[in-house]
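Below is one structure, written out as structure tokens, with a few remarks after it.
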Amino acid sequence: MTDSAAVGHPVAGARQRGLRDGRSRQEWDMSTQVSEEVREALHEGRPVVALESTIIAHGLPRPRNLAVALELEELVRAGGAVPATVAVVDGTARVGLDRAALTRIAEDPAVRKLGHRDLAPALAAGATGATTVSATAWLADAAGIRVFATGGLGGVHRGWTETQDESADLRLLARVGITVVCAGVKSILDVPATLQRLETLGVTVVGYGTEHFPGFYLSSSGEPVDWTLRSPAEVAGVIRAQDRLGGPRAALIVANPVPVAEQLDPALHDRVLAGGLAEAKEKGITGQAVTPFLLEYLTVHTEGASLEANLAAVRGNVRLAASIAGAYGTGAYGAGPAPRTPEPGSGAGGR
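If you number the sequence shown the way full-length UniProt numbering does, the last residue is 351 and the count never jumps.
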């Protein structure tokens, strides 16, 4: 890429920023393979949306997982953007997967789950793995992709005062300049503590069409957001404002609620989650084992309704991400974000 190609070019500029960690382009190319389609789109300034692969390998039953993976890529294309599903295949980080690689991630039971801390060991060992939010955000940001769609973020776990259990997603998102479209954090987590942690880390959180942070399976967690955006153009305007400001790099979290008509029934959610938490405690399930146990418990005891709400949220996030990527690439601006008006007596400032 020539210097002239990067001038005034938001995607090219992001790609250059992704390598400001002391690595050369040669070192990056040796460890990471960007698909030809994604590489060309980035070079030409066309919109690209990153997608994680953990939901494919570990979040959905087979063979439905492959069908969903293909569906999500098609939703990105239908929105006018290029999909870049991220994974590690035989020790090479891949940004943009062909059909064979996508099928392998979906069908091979030996595929590992990789956070960003696992990337170096996986590459060195020649391993194959699906990337979590943290690993996907890291690799996508380094490739110069500005928009990433996922289901829900990891966060601070319930009982964190005793276990100090917190997802690696949070700290990583304080270090990468990527926009993450999600349905909040998984409702099995401590949502208020997660929002407080994101604030402490300097990660901007905005609600999309909502004044309350989504609850993943639910349209609202009941927790307020400080800023509300109502169009892809408004989100793109915030991304460009981040570009102009410079300074510390951090993600922009666009919290997009699952539609009310497609959310999990709130009463059912609360009842089943309470049962799952009680059973986990009774069985002595702790640490990293809690989240997969509770997610499986919810799926079984809601008779699959939680899984359908999850998929509805992911589809909505992917569609929105494609629109945001397109608006960012065209230079569209919206009216700007609307700040939340503090309720009387609530005070001002931090959470």
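Backbone N, C-alpha and C fix where the C-beta goes; we use that ideal spot for every residue, glycine too.
Since this is a predicted model, take the numbers as computed values, not measurements.
(message) Excluding the 5 residues flanking Ala174 on each side, which residues of the same chain have their C-beta closer than 7 Å to its C-beta?
(response) Leu201, Gly202, Val203 and Ala250, listed in sequence order.
(request) Identify, in the order they occur along the chain, each residue of the same chain with its Cβ nearer than 7 Å to the Cβ of Val290, setting aside the five sequence neighbours on each side. (result) Contacts found: His157 and Ala280.
(request) Report buried or exposed for Arg146, applying the criterion of at least 16 other Cβ atoms within 10 angstroms of its Cβ. (result) Arg146 should be labelled buried.
(request) Rounded to whole angstroms, what's the CA-CA distance from Leu294 to Gly80? Just pull it up for me. (result) Rounded to the nearest whole angstrom, the CA to CA distance from Leu294 to Gly80 is 36 Å.
(message) Could you compute how far the alpha carbon of Leu268 sits from the alpha carbon of Gly276?
(response) Going from the Cα of Leu268 to the Cα of Gly276 covers about 12 Å.
(request) Report yes if the C-beta distance between Ile105 and Ile55 is below 7 Å; otherwise report no. (result) Not a contact, by the Cβ cut-off of 7 Å.
(message) The alpha helix (DSSP H) that contains Ile239, what's its start and end?
(response) Membership of Ile239 in the alpha helix (DSSP H) is indicated by the continuous run Pro232 to Leu245.
(message) Taking the beta carbon of Glu234 as the centre, do at least 16 other beta carbons fall within 10 Å, making it buried, or is it exposed?
(response) Buried, because 16 or more other Cβ atoms sit within 10 Å of the Cβ of Glu234.
(message) Comparing C-alpha positions only, which one of Pro292, Glu303, Ala305 and Pro61 sits nearest to Asp108?
(response) Checking every option, the nearest Cα to that of Asp108 belongs to Pro61.
(message) So, under 8 Å CB-CB, Thr32 and Val95 are touching, yes? Tell me the CB distance rounded to an integer number of Å.
(response) Their Cβ separation, rounded to whole angstroms, is 6 Å, which keeps Thr32 and Val95 in contact under 8 Å.
(message) Among Asp118, Gln242 and Ala125, whose alpha-carbon lies nearest the alpha-carbon of Val176?
(response) Restricting attention to Asp118, Gln242 and Ala125, the CA atom closest to the CA of Val176 is found in Gln242.
(request) Determine the DSSP secondary structure at Val191, reduced to helix, strand or coil. (result) Helix, per DSSP.
(request) May I ask which residues mark the beginning and end of the beta strand (DSSP E) holding Ala84? (result) Boundaries of the beta strand (DSSP E) harbouring Ala84: Val82 to Val89, taken from the DSSP string.
(message) Buried or exposed, going by whether 16 or more other CB atoms sit within 10 Å of the CB of Gly237?
(response) Gly237 should be labelled buried.
(request) Could you have a look at Arg112 and say whether DSSP puts it in helix, strand or coil? (result) In the structure shown, Arg112 sits in a strand (DSSP, three-state: E or B).
(message) Quick check for students: name the residue ranges of the alpha helix (DSSP H) that lie wholly in the stretch 260 to 294, counting only runs of 4 or more.
(response) Listed in chain order, the complete alpha helix (DSSP H) runs (minimum 4 residues) inside the stretch 260 to 294 are 266 to 283.
(message) For the stretch 308 to 317 against the stretch 258 to 273, do three or more pairs of beta-carbon atoms, one drawn from each stretch, fall closer than 8 Å, so that the two count as touching?
(response) Touching, per the Cβ criterion.
(message) Can you tell me whether Pro248 is buried or exposed? The criterion is at least 16 other CB atoms within 10 Å of its CB, across all chains shown.
(response) Looking at its Cβ environment, which holds fewer than 16 other Cβ atoms inside 10 Å, Pro248 is exposed.
(message) Quick check: what's the CA-CA separation for Ala41 versus Thr85?
(response) Looking at the two C-alpha atoms, the distance is approximately 14 Å.
(message) Check whether the stretch 42 to 51 and the stretch 124 to 133 are in contact - that is, three or more C-beta pairs closer than 8 Å.
(response) The stretch 42 to 51, when compared against the stretch 124 to 133, does not touch it at the 8 Å Cβ threshold.
(request) Note down the Cα distance separating Asp98 from Ala278, rounded to an integer number of angstroms. (result) The C-alpha of Ala278 is placed about 43 Å away from the C-alpha of Asp98.
(message) Between Glu37, Cys182 and Arg112, which has its C-alpha nearest Ser53's C-alpha?
(response) Taking only the C-alpha atoms, the option nearest Ser53 is Arg112.
(message) DSSP three-state label for His212, please.
(response) In the three-state scheme derived from DSSP, where H, G and I count as helix and E and B as strand, His212 is classed as strand.
(message) Assuming contact is defined by CB atoms lying nearer than 7 Å, are Thr194 and Val205 in contact in what I supplied?
(response) Not closer than 7 Å, so no.
(request) Within the same chain, show all residues whose beta-carbon is closer than 7 Å to that of Thr136, passing over the 5 residues directly before and after it, in chain order. (result) So the qualifying residues of the chain are Ala50, Glu52, Val86 and Phe148.
(message) Taking its Cβ as the centre, do 16 or more other Cβ atoms sit within 10 Å of Leu245, making it buried, or is it exposed?
(response) Its Cβ having fewer than 16 others within 10 Å, Leu245 is exposed.
(message) Please identify the residue among Asn317, Asp265, Leu102 and Ile188 whose C-alpha is closest to the C-alpha of Glu303.
(response) Out of Asn317, Asp265, Leu102 and Ile188, Asp265 has the C-alpha closest to the C-alpha of Glu303.
(message) Tell me the rounded alpha-carbon separation between Leu66 and Ser187.
(response) Rounded to the nearest angstrom, the two C-alpha atoms are 25 Å apart.
(request) Give me the Cα-Cα distance between Val11 and Ile324, rounded to the nearest whole angstrom. (result) Summary for Val11: the model assigns pLDDT 38, below 50, so the residue's position carries little reliability; its value from the coordinates is reported in the next sentence. Rounded to whole angstroms, Val11 to Ile324 spans 13 Å at the Cα level.
(message) Which residue marks the beginning of the alpha helix (DSSP H) containing Thr150, and which one marks its end?
(response) Per DSSP, Thr150 belongs to no alpha helix (DSSP H) and is neither H nor E.
(message) Excluding the 5 residues flanking Gly115 on each side, which residues of the same chain have their C-beta closer than 7 Å to its C-beta?
(response) Closer than 7 Å at Cβ, skipping near neighbours: Thr132, Ser134, Ala135 and Ala168.
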